[in-house]
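Take a look at the structure below.
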Amino acid sequence: IQMSKIKVLTLNHGKMTNSRRVPSVPQLKCVGGTAGCRAFIPQVVVQCENQGSDGIAIQWECKTDMDNAYRFGKIMVICEGYDYPGDHYVLVGS
């Protein structure tokens, strides 16, 4: 599927991505910051909606139910290119 055609992503804490050419990775990864990663408890599900492109990359708006003391900082959505890195077609579930 073309990444630009993906409307919504549903990501689950503790679940791994699908993979074809490279090893699977966690669907969600908390990198830290001043608040730490305590908000990412096992039942966290994040939904990210495609907001269109800025001409370089797809802009994603991500939401979840977590304590109001936490918020998303920089959001990076990276999918495995189907045939090669940077392929506009991506592996479903990657």
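For the sequence shown, the working numbering gives the first residue as 102, with consecutive numbering after it. Cβ coordinates follow ideal geometry from the N, Cα and C atoms, glycine included. Since the model is a prediction, treat every value here as computed from it, not as a measurement.
### Task
Can you tell me which of Ile176, Ala158, Gln103 puts its alpha carbon nearest to the alpha carbon of Gln128?
By alpha-carbon distance to Gln128, the top candidate from Ile176, Ala158, Gln103 is Ile176.
### Task
Report buried or exposed for Ser120, applying the criterion of at least 16 other Cβ atoms within 10 angstroms of its Cβ.
Within a 10 Å sphere around the beta-carbon of Ser120 sit fewer than 16 other beta-carbons, which makes this residue exposed.
### Query
Do you know how far the Cα of Ile107 is from the Cα of Tyr185?
C-alpha separation (whole angstroms): 19 Å.
### Task
May I ask you to report which of helix, strand or coil DSSP gives Met117?
Looking at Met117 - three-state DSSP - the assignment turns out to be strand.
### Task
State the DSSP-derived secondary structure class of Ser105, mapped to helix, strand or coil.
Residue state, collapsed to three classes: helix.
### Query
Who are the Cβ neighbours of Asp188 in its own chain at under 7 Å, not counting the five residues just before and after it?
The residues are Gly182.
### Task
Report the residue from Leu192, Val145, Val123, Ser105 whose alpha carbon sits nearest the alpha carbon of Leu112.
Relative to the Cα of Leu112, the nearest Cα in the group Leu192, Val145, Val123, Ser105 belongs to Val145.
### Query
Rounded to whole angstroms, how far is the Cβ of Met117 from the Cβ of Val126, which I believe are closer than 8 Å?
In this structure, Met117 and Val126 form a Cβ contact; the two beta carbons are roughly 7 Å apart against a cut-off of 8 Å.
### Task
Have a look at Tyr171, Thr165, Gln160 and flag the residue whose alpha-carbon is nearest the alpha-carbon of Ile179.
That would be Gln160, whose Cα lies nearest to the Cα of Ile179.
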